[in-house]
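Engineer: Got a structure for you, written out below as structure tokens; questions coming shortly.
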Amino acid sequence: MKYFIWALLIYVAWRWYTGSRQVKTDQFPADARQAAQSPDSAETMVQCARCGIHLPASEALIETGGAVFCSEEHRAA
Ligand SMILES: [Zn+2]
């Protein structure tokens, strides 16, 4: 029981420590957060019609009919 209390104390201290660090990093890099939210860095994910894998739209093969594939092999299949 004594060890459990110590473990709980360490856990609470760790949560408090990591939580206070997260608040600081949230307030600090406003430019970095804006960059992460900009449309350029947020890439649309699409799903391969053959195997169902998700991949960025820039790396996908999109047919004229609208079907999306991850590779030339899956487009041909
Ligand atoms: Zn595929």
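Numbering (our numbering), first residue to last: 694 to 770. Idealized CB from N, CA, C, for every residue including glycine. Values in this document were obtained by computation on a predicted structure and should not be read as measured data.
#1: How is Ile746 classed by DSSP in three states: helix, strand or coil?
#2: So Glu736 and Ala750 are in contact, right, with Cβ under 8 Å, and what is the actual spacing, rounded?
#3: For Ile755, which option in Met694, Arg708, Val739, Ile698 has the closest C-alpha, if you only look at C-alpha atoms?
#4: Could you tell me the alpha carbon to alpha carbon distance between Val705 and Thr711, rounded to whole angstroms?
#5: Spell out the partners DSSP gives Ile755 in its beta bridges.
#6: Using 10 angstroms around the beta-carbon of Cys763, count the other beta-carbons present and answer buried if the total reaches 16, otherwise exposed.
Structural biologist: Considering the structure as presented:
#1: coil
#2: 6 Å
#3: Val739
#4: 10 Å
#5: Val761.
#6: buried
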